[in-house]
């Protein structure tokens, strides 16, 4: 709360020496400086487009949702194809009709069953193009590739910040939650004071 109040009472201490714009946080200045550079390190996970800063990518990502007209009524996830939505909703139903013939595990979709079977066979079909690492799951390869590329694909839904790993995003979102709680407490105490004064 104190940090937020400074924005209304103190000048922004972090200055961009290229254009003169000022910022309250060093992270915001760093993000802004990327706009002056030529690098485009932020890749869209859905198409070949790349961006100078996470906020530009965030805006672009909204355009990918335009074609996803099939919405899960339980969690709000969006899909471009009805069959993909139906497969997704099996996860919510709790039904697991696809059983592994090697162990007692069962799955909601055949894709998940096939993925699981690799734990028995030891197959690692997803190979890194930059080193000799290989993975049984495509998402593990995707995470590993970020160590080579530095891509930040986990985007905060409350601000333009982006992160390499889901755990980092969750930690960041917790900060937003705490800030919102502080604002709510502050607003409630103001309401109480106004009620007492008006009483």
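In the working numbering, the protein residues as written are 189 to 387. Where is the CB? At the ideal position from N, CA and C, for every residue including glycine. Predicted model only: the values in this text are computed from it and were never measured.
- In the three-state reduction of the DSSP assignment, residue 257 falls in the coil class.
- In the three-state reduction of the DSSP assignment, residue 350 falls in the strand class, which pools E and B.
- Residue 266 has 259 as its beta-bridge partners, per DSSP.
- Following the DSSP letters along the chain, one finds residue 337 inside the alpha helix (DSSP H) bounded by residues 326-337.
- Rounded to whole angstroms, residue 203 and residue 234 show a C-alpha spacing of 35 Å.
- With a 10 Å radius around the Cβ and a threshold of 16 neighbouring Cβ atoms, residue 299 comes out exposed.
- The DSSP-derived three-state label of residue 205 is coil.
- Taken atom to atom, the span from the alpha-carbon of residue 330 to that of residue 229 is near 16 Å.
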